[in-house]
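Q: The structure that follows is given in the form of structure tokens.
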Amino acid sequence: MLLQQLVNGITLGAIYTLIALSFSLVMGILGVLNLAIAELFMLGGYFGFVAISAGLPLPIALLFGMAGSAILAGVIEKIGYQPFRNTTVVTPMLSTLGFSIILQNVATNLWGSDPLQLSDEVLGGRFMIGPIGISAMQLTLLGATVILVALLAFVVQRTSIGRALRAVAENRDVARLLGVSADRVTLLAFMLSGALAGAAGVLISLHYGAITPYIGVEIGLKAIAVMVVGGTTRIWGALIAGPLIGVVEVITIAYGGSQIRDFVVYGFMILILLLRPKGILGGAAADRVQRI
Amino acid sequence: MMSTYYAGLLADVGILLLGALSVYIILATGQLSLGNAGFMGIGAYLSSYLTVTVGIPLTLALVIAAVTAGAIGVIVGFPALRLNGIYLAMATLGFGEMVRSFFLNLSPMGGSEGFHGMQHISNGYIWSWASAILLLVMILEHSQVWLEMRAVRDDETAAGLVGLNTTIIKVGAFGFAAAVAAVSGGLFAHHHLYIEPGNFSFERSIDFVLAVILGGSTVSPGALIGALLLVMLPEYLRFLAEWRFAAFGALLIAMLLLRRQGILDRSLFRAFALRRPA
Amino acid sequence: MTSNLSRALCVVGLSAALTAAAGGPAFAQGAERQILLGAVVPSSGPFAEWGRANTVTLQMLEQQINDAGGINGAKLHISILDDATKPAQATNDLRKLGGDDKVLAVAGPLTSSAAEVAFPVANEMKFVSTSQASSKPGVAKLNRPWAFRNTIDEGVLGRTTVPYYKKTFNIKSVAIIFDAKDATAATVGGKIMPALMKENDIEVLNADSPLSFNTGDLDVSAQVTKMKALNPDGVVVSADYSQAVTVIREMKRQGMMKPVVGSTQLISSAILKAAPEIPIVAPATFYATMTGEKPEKFVKDLQPLLRKTSGLPPEIEPSMYDANIYEIVSIYIDAIKATGVTGKPEDLEADRSKIRDHMAKLAGFPGLGGPIGFNDDGDAIKAFYILQGENGAWQSKVRGCSAAPGHPGC
Numbered sequence: 000m001l002l003q004q005l006v007n008g009i010t011l012g013a014i015y016t017l018i019a020l021s022f023s024l025v026m027g028i029l030g031v032l033n034l035a036i037a038e039l040f041m042l043g044g045y046f047g048f049v050a051i052s053a054g055l056p057l058p059i060a061l062l063f064g065m066a067g068s069a070i071l072a073g074v075i076e077k078i079g080y081q082p083f084r085n086t087t088v089v090t091p092m093l094s095t096l097g098f099s100i101i102l103q104n105v106a107t108n109l110w111g112s113d114p115l116q117l118s119d120e121v122l123g124g125r126f127m128i129g130p131i132g133i134s135a136m137q138l139t140l141l142g143a144t145v146i147l148v149a150l151l152a153f154v155v156q157r158t159s160i161g162r163a164l165r166a167v168a169e170n171r172d173v174a175r176l177l178g179v180s181a182d183r184v185t186l187l188a189f190m191l192s193g194a195l196a197g198a199a200g201v202l203i204s205l206h207y208g209a210i211t212p213y214i215g216v217e218i219g220l221k222a223i224a225v226m227v228v229g230g231t232t233r234i235w236g237a238l239i240a241g242p243l244i245g246v247v248e249v250i251t252i253a254y255g256g257s258q259i260r261d262f263v264v265y266g267f268m269i270l271i272l273l274l275r276p277k278g279i280l281g282g283a284a285a286d287r288v289q290r291i
Numbered sequence: 000m001m002s003t004y005y006a007g008l009l010a011d012v013g014i015l016l017l018g019a020l021s022v023y024i025i026l027a028t029g030q031l032s033l034g035n036a037g038f039m040g041i042g043a044y045l046s047s048y049l050t051v052t053v054g055i056p057l058t059l060a061l062v063i064a065a066v067t068a069g070a071i072g073v074i075v076g077f078p079a080l081r082l083n084g085i086y087l088a089m090a091t092l093g094f095g096e097m098v099r100s101f102f103l104n105l106s107p108m109g110g111s112e113g114f115h116g117m118q119h120i121s122n123g124y125i126w127s128w129a130s131a132i133l134l135l136v137m138i139l140e141h142s143q144v145w146l147e148m149r150a151v152r153d154d155e156t157a158a159g160l161v162g163l164n165t166t167i168i169k170v171g172a173f174g175f176a177a178a179v180a181a182v183s184g185g186l187f188a189h190h191h192l193y194i195e196p197g198n199f200s201f202e203r204s205i206d207f208v209l210a211v212i213l214g215g216s217t218v219s220p221g222a223l224i225g226a227l228l229l230v231m232l233p234e235y236l237r238f239l240a241e242w243r244f245a246a247f248g249a250l251l252i253a254m255l256l257l258r259r260q261g262i263l264d265r266s267l268f269r270a271f272a273l274r275r276p277a
Numbered sequence: 000m001t002s003n004l005s006r007a008l009c010v011v012g013l014s015a016a017l018t019a020a021a022g023g024p025a026f027a028q029g030a031e032r033q034i035l036l037g038a039v040v041p042s043s044g045p046f047a048e049w050g051r052a053n054t055v056t057l058q059m060l061e062q063q064i065n066d067a068g069g070i071n072g073a074k075l076h077i078s079i080l081d082d083a084t085k086p087a088q089a090t091n092d093l094r095k096l097g098g099d100d101k102v103l104a105v106a107g108p109l110t111s112s113a114a115e116v117a118f119p120v121a122n123e124m125k126f127v128s129t130s131q132a133s134s135k136p137g138v139a140k141l142n143r144p145w146a147f148r149n150t151i152d153e154g155v156l157g158r159t160t161v162p163y164y165k166k167t168f169n170i171k172s173v174a175i176i177f178d179a180k181d182a183t184a185a186t187v188g189g190k191i192m193p194a195l196m197k198e199n200d201i202e203v204l205n206a207d208s209p210l211s212f213n214t215g216d217l218d219v220s221a222q223v224t225k226m227k228a229l230n231p232d233g234v235v236v237s238a239d240y241s242q243a244v245t246v247i248r249e250m251k252r253q254g255m256m257k258p259v260v261g262s263t264q265l266i267s268s269a270i271l272k273a274a275p276e277i278p279i280v281a282p283a284t285f286y287a288t289m290t291g292e293k294p295e296k297f298v299k300d301l302q303p304l305l306r307k308t309s310g311l312p313p314e315i316e317p318s319m320y321d322a323n324i325y326e327i328v329s330i331y332i333d334a335i336k337a338t339g340v341t342g343k344p345e346d347l348e349a350d351r352s353k354i355r356d357h358m359a360k361l362a363g364f365p366g367l368g369g370p371i372g373f374n375d376d377g378d379a380i381k382a383f384y385i386l387q388g389e390n391g392a393w394q395s396k397v398r399g400c401s402a403a404p405g406h407p408g409c
């Protein structure tokens, strides 16, 4: 049973990883908590559902969900972040909260509050490796997560786009002196983050086969914890922290503590914050004090 | 005479005002708390336990709850000294969720089934507390302590160099804020007569922050304006039926765009205060 | 600074304009005599679908009554307010309906959490409030004499559900999983079901380590893996149907095809799509495929209206809660006709008392699923059915009644 629980935990962790990276892209570069990410994730799920229901194959559904959420994230950046660029970090956080309220309401009006369900499992095949069962969709989810994280790491660390992102993260003014358009870079960060949230939404909604407009709330808060544990400055941190939190959760449940699961997870997050404020991998970013 | 409907809304405003003030006090030292609903929950549960199970008068119960929550706030404040900015905000978020999870498992107080048995309080009682605390904060704003708090906010290192004890100031702010949030919780419990852990979630912590930022985060009466807006706006938007909350979200963004410093700020506050015939 | 001032005034003005647009009572007081009733439903938030269907149901009833000449010659008007599935808003809704709109009685609120805080308001303001869905034990009992529920306590329902479940599926052991964040589900899963299992000699395999999750959780794989390892004959799922869907789909994914039992919270058409192969047993007082003149007419009238309402799914069927709220308002109308309620402002207090007294004494009111009355706790005495959901449809297996045998209410 323990091995099966580890598989469960790692699957859950992969989901956390993607959403946590989505949070940390905006947080690491701009220092802003984009609360609408939970809803971009939820909408990504609906976009994926719509695509699959229309008979499109999984990769197209995935791209559709990513594109949809990325565009919405772009809109949020233009209205909810750009005008507040020079304010404290609280104001843009609240304007993204406004978007989150709007998106939840729109999804409820479009698709209803009842769970939308797939009648057949997407990639429902199930493999048995000894005592462990794992579904084809679960494998796809894990594979896609690793590929997406690797892609993101490549973009951030090896391309000129990534250099611009890192330059703005380091120092906005210096970046501008170096000829990097900070406005374009922030838009890009938001859209990349939206695409990741959308991808997570598609993968998860197809894995679980059911979705409501309210799925983003709980998982969003957990993903913030994962982001903190992984550190906001290292992409690989999230890849470790996601499965770590996932496994901690699953083991807590497996050994009789399903009631205290949240207590354990958030307690663990606070511990990491106090002991390793830059996440388990640490980080190079200077101890920037943001003005609240 | 005021209709019972508006009286009910006004009670909500009073309770939210106290929650918002608790965020405002911490914000004055340059820190953001996303977990004040946790302190509110502690106040609600403790005061209800004291009035219902122990049977002591409400005012005394509120004072005990405020002092206890204040002490917890100080305890939470110490480790929080290690953190800054958005990291502190996230630690407080975690704290709030831990408190909620704690009450979910606290079966002597009903756990997820909730807790009853409180006696209903009047609007006058709620507003006596709310206005007294608002007044206290306003007086405090003109004191030496507040200047020191702002100094810590503006530049902590410099404040330390000129001899201010930044630790006491930051931890004290946490303690005071926790006490205020606890009073808000106690009043909430004795107004609604039923509490459950879900009442004290992240959503409520965010409401507190929202009230402060919308109303104006540089003057304490801003919290009052913010609390009024947050309670009344969803009521006034009822004619939009199923689009009510989308409109609320849009208005929220619009208000932030129009007045990013909040509706009340210092210059506006002075403009009103000084506009007397010379 | 002037510009700051003008911007601030602009925001204030915006709010004031909205106040003006929305202000005043929701309807014009014509010269015509009106009978005013109120309803509190969740038209936004996680239960939006139920609240919106309830709204359509009440609008249909209002139309039917007025087309047939109204109530004692007066027109019926039902003010319907949204509580957004937020308990605090439900209390304000009740205050608005009772204090500003001066309604005679209120149908709602829907959830137990909302009823917990709204019923004390009804008691304070002295008008009847009847919930269409709250089934957490003892909620109306705490707020007598003005609180009623047109639902049956889950403890009473379980007494018939569990023996049927045991007999049909030869159940000797179960595992229990519940939604710890939902007060009703947690009470049923944490207290009522364990006690009922003991009464029926069914072993609860996870009695010492309760399994739970939280409303909104997507992943319950760890809980299901643990249940599967216990190898029970059946599974108790105590959760609202939309959460239960997550559990049942996970059971299917892990190949745990064990029969499920639960409370009225499971009844919905959505849950049948989760895993049609897994049988589900739950009690209900109404279901859309019910036979009989009254329920069939109700479904025939309401279903097309629901299906053409935007924001509701095209394949929606009338739910138990639509039936319950329809019955609640029908009972109010019956009371108004029977006790000579005038609906005049000067008689408001007397009228409200008449409705309450009529409800307290009510027996044998012809409801959709059989006769209805109320017990001393304010909960309904009415017939209920043990439904078994299999292959996409609910079927009635046992008819029960929430009163002692021979009671005229059944």
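Top to bottom, those sequences are chains A, B and C. Numbered by numbering that gives the first Met the number 0, the letters in the first sequence go through residues 0 to 291 in order. Numbered by numbering that gives the first Met the number 0, the letters in the second sequence go through residues 0 to 277 in order. Numbered by numbering that gives the first Met the number 0, the letters in the third sequence go through residues 0 to 409 in order. Quick reminder that beta carbons are idealized off the backbone N, C-alpha and C, glycines included.
Measuring CA to CA, which of Gly-214/B, Leu-92/B, Gln-143/B is closest to Leu-16/B?
A: By 1-based counting over the second sequence, the position of residue 16/B is 17. The shortest Cα separation from Leu-16/B among Gly-214/B, Leu-92/B, Gln-143/B belongs to Gly-214/B.
Q: Go through the segment 213-255 of chain C residue by residue and report every complete run of the beta strand (DSSP E) that reaches 3 residues or more, in order.
A: Taking only runs of at least 3 residues, the beta strand (DSSP E) segments lying wholly in the segment 213-255 of chain C are 233-237.
Q: Would you list the residues sitting across from Phe-383/C in a DSSP beta bridge?
A: As a working mapping, residue 383/C is identified with position 384 in the third sequence. DSSP output for Phe-383/C lists Gly-399/C as bridge partner(s).
Q: Pull up the CB-CB distance for Ile-201/C and Glu-153/C, whole angstroms please, since I reckon it's below 8 Å.
A: The sequence position of residue 201/C within the third sequence is 202, counting from 1. The sequence position of residue 153/C within the third sequence is 154, counting from 1. Rounded, the Cβ-Cβ distance is 17 Å, inconsistent with contact.
Q: Under 9 Å Cβ-Cβ, which residues of chain A neighbour Phe-147/C?
A: Within the third sequence, numbered from 1, the residue matching residue 147/C stands at position 148. None at all; the shortest Cβ gap to chain A is about 26 Å.
Q: For Leu-31/B, does the count of other Cβ atoms within 10 angstroms reach 16, so buried, or fall short, so exposed?
A: For the purposes of this step, residue 31/B is taken as residue 32 along the second sequence, with counting starting at 1. Buried, by the Cβ-count rule.
Q: DSSP has Thr-129/C in a bridge; who is on the other side?
A: Walking along the third sequence from the start, residue 129/C turns up at place 130. Beta-bridge pairing links Thr-129/C to Ala-106/C, Phe-147/C.
Q: Sort Gly-254/C, Leu-265/C, Val-235/C by Cα distance to Gln-242/C and report the nearest one.
A: For this step, residue 242/C is matched to residue 243 along the third sequence. Taking only the C-alpha atoms, the option nearest Gln-242/C is Leu-265/C.
Q: For the 8 Å Cβ check, are there 3 or more pairs between the segment 234-241 of chain A and the segment 70-77 of chain B?
A: Flag = no, the segment 234-241 of chain A and the segment 70-77 of chain B do not touch.
Q: Could you tell me which residues DSSP pairs with Gln-4/A in its beta bridges?
A: Counted from its first residue, the first sequence places residue 4/A at position 5. Beta-bridge pairing links Gln-4/A to no other residue.
Q: Is the shortest distance between the beta-carbon of Lys-272/C and the beta-carbons of chain A less than 7 Å?
A: Taking the third sequence and counting its residues from 1, one reaches residue 272/C at position 273. By this cut-off, Lys-272/C is an interface position.
Q: Using beta-carbon positions only, say whether Ala-143/A and Leu-202/A come within less than 7 Å of one another.
A: Translated into the one-based positions of the first sequence, residue 143/A becomes position 144. Translated into the one-based positions of the first sequence, residue 202/A becomes position 203. Cβ atoms of Ala-143/A and Leu-202/A: closer than 7 Å.
Q: Assuming Val-211/B contacts Val-22/B (C-beta within less than 8 Å), just tell me the rounded distance between them.
A: Locating residue 211/B in the second sequence gives position 212, where the first residue counts as 1. Locating residue 22/B in the second sequence gives position 23, where the first residue counts as 1. Right, the Cβ-Cβ distance comes to about 5 Å (below 8 Å), so this counts as a contact.
Q: Just curious, the beta strand (DSSP E) that Val-228/A is in, first and last residue?
A: Within the first sequence, the letter at position 229 stands for residue 228/A. Per DSSP, Val-228/A belongs to no beta strand (DSSP E); it is in the alpha helix (DSSP H), 215-229.
Q: Would you kindly work out how many angstroms separate the C-alpha atoms of Leu-93/C and Thr-167/C, rounded to a whole number?
A: Start at 1 with the first residue of the third sequence, and residue 93/C comes out as number 94. Start at 1 with the first residue of the third sequence, and residue 167/C comes out as number 168. Between Leu-93/C and Thr-167/C, the C-alpha separation is close to 44 Å.
Q: Under a CB-based cut-off of 7 Å, is Ala-228/C close to chain A?
A: The sequence position of residue 228/C within the third sequence is 229, counting from 1. So yes, Ala-228/C belongs to the interface.
Q: Identify the residues that DSSP records as bridge partners of Pro-365/C: which are they?
A: By one-based count along the third sequence, residue 365/C stands at place 366. Pro-365/C is bridged to Pro-370/C.
Q: Here's a check: name, in chain order, each residue in its chain whose Cβ is nearer than 8 Å to the Cβ of Ala-20/C, leaving out the five neighbours to either side.
A: If you number the third sequence from 1, residue 20/C lands on position 21. Its pLDDT being 46, under 50, Ala-20/C is placed unreliably by the model, and the measurement read from it follows with that caveat. There are no such residues.
Q: Between Val-74/A and chain C, is the shortest Cβ-Cβ distance under 7 Å, so that the two count as touching?
A: Counting from one through the first sequence, the residue named residue 74/A turns up at place 75. Judged by the 7 Å Cβ criterion, Val-74/A is not in contact with chain C.
Q: Check the Cβ-Cβ distances between Phe-26/C and every residue of chain B, and say whether any is below 7 Å.
A: Against the third sequence, residue 26/C aligns to sequence position 27. At Phe-26/C, the pLDDT of 45 sits below 50, so the modelled position is not reliable; the number obtained from the coordinates is stated separately. Closer than 7 Å: no.
Q: Which one of Tyr-265/A, Val-31/A, Ile-78/A has the shortest CA to CA distance from Ile-244/A?
A: As a first step, residue 244/A is located in the first sequence; it is residue number 245 there, counting from the start. Nearest C-alpha to Ile-244/A: Tyr-265/A.
Q: Could you tell me which whole beta strand (DSSP E) segments of length 3 or greater appear in the segment 118-203 of chain A?
A: Runs of the beta strand (DSSP E) inside the segment 118-203 of chain A: 125-128, 131-134.
Q: Within this structure, are the beta carbons of Lys-165/C and Tyr-4/B separated by less than 7 Å?
A: By one-based count along the third sequence, residue 165/C stands at place 166. By one-based count along the second sequence, residue 4/B stands at place 5. Not closer than 7 Å, so no.
Q: Return the CA-CA distance between Gly-399/C and Phe-297/C, expressed in angstroms with no decimal places.
A: For the purposes of this step, residue 399/C is taken as residue 400 along the third sequence, with counting starting at 1. For the purposes of this step, residue 297/C is taken as residue 298 along the third sequence, with counting starting at 1. Each residue's Cα considered, the two are about 22 Å apart.
Q: Which residues, in chain order, does the segment 244-276 of chain C contribute to contact with chain A at a C-beta distance below 8 Å?
A: Under the 8 Å Cβ criterion, the segment 244-276 of chain C contributes Val-244, Thr-245, Arg-248, Glu-249, Arg-252, Gln-253, Gly-254, Ser-267, Ala-269, Lys-272, Ala-273.
Q: Relative to the C-alpha of Ser-118/A, which residue among Ala-222/A, Leu-205/A, Ile-218/A, Gly-241/A is closest?
A: In the first sequence, residue 118/A corresponds to position 119, counting from 1. The shortest C-alpha separation from Ser-118/A is found at Leu-205/A.
Q: Anyone know if the C-beta pair for Ile-70/A and Ala-188/A falls short of 7 Å?
A: Numbered from its first residue, the first sequence carries residue 70/A at position 71. Numbered from its first residue, the first sequence carries residue 188/A at position 189. Contact: no.
Q: Counting only Cβ pairs nearer than 9 Å, list the residues of chain B close to Gly-107/C.
A: Taking the third sequence and counting its residues from 1, one reaches residue 107/C at position 108. Within 9 Å Cβ-Cβ: nothing; Gly-107/C doesn't reach chain B, min ~15 Å.
Q: Just to confirm the assignment, what range does the beta strand (DSSP E) spanning Arg-182/B have?
A: Taking the first residue of the second sequence as position 1, residue 182/B is located at position 183. Just to set this straight, residue 182/B is Val in the shown sequence, not Arg. Counting along the chain, Val-182/B falls outside any beta strand (DSSP E), though it belongs to the alpha helix (DSSP H) covering 165-191.
Q: List the residues of chain C whose Cβ lies closer than 9 Å to the Cβ of Arg-243/B, in chain order.
A: Within the second sequence, residue 243/B is the residue found at index 244, counting from 1. In chain order: Ser-42, Ser-43, Asp-81, Ala-83.
Q: Is the shortest distance between the beta-carbon of Tyr-45/A and the beta-carbons of chain C less than 7 Å?
A: Against the first sequence, residue 45/A aligns to sequence position 46. So no, Tyr-45/A is outside the interface.
Q: Between the segment 99-119 of chain C and the segment 72-85 of chain C, do three or more beta carbon pairs fall short of 8 Å?
A: In short, these stretches touch, since the Cβ pair count reaches three.
Q: In chain A, which residues lie with their C-beta within 9 Å of the C-beta of Pro-209/C?
A: In the third sequence, counting from the first residue as 1, residue 209/C sits at position 210. Within chain A, the residues near Pro-209/C are Gly-255, Ser-257, Gln-258.
Q: Rounded to the nearest angstrom, what separates Thr-90/C and Tyr-235/B at their Cα positions?
A: The sequence position of residue 90/C within the third sequence is 91, counting from 1. The sequence position of residue 235/B within the second sequence is 236, counting from 1. Looking at the two C-alpha atoms, the distance is approximately 16 Å.
Q: Where DSSP assigns a beta bridge to Pro-312/C, which residues make up the other side?
A: For the purposes of this step, residue 312/C is taken as the residue at position 313 of the third sequence. Answer is none; Pro-312/C lacks a bridge partner.
Q: Mind listing the chain B neighbours of Thr-187/C? Cutoff is C-beta to C-beta under 9 Å, in chain order.
A: The count along the third sequence starts at 1 and reaches residue 187/C at position 188. The amino acid at residue 187/C is misidentified as Thr; the sequence shows Val. Within chain B, no residue comes near Val-187/C; the closest Cβ sits about 10 Å away, beyond 9 Å.
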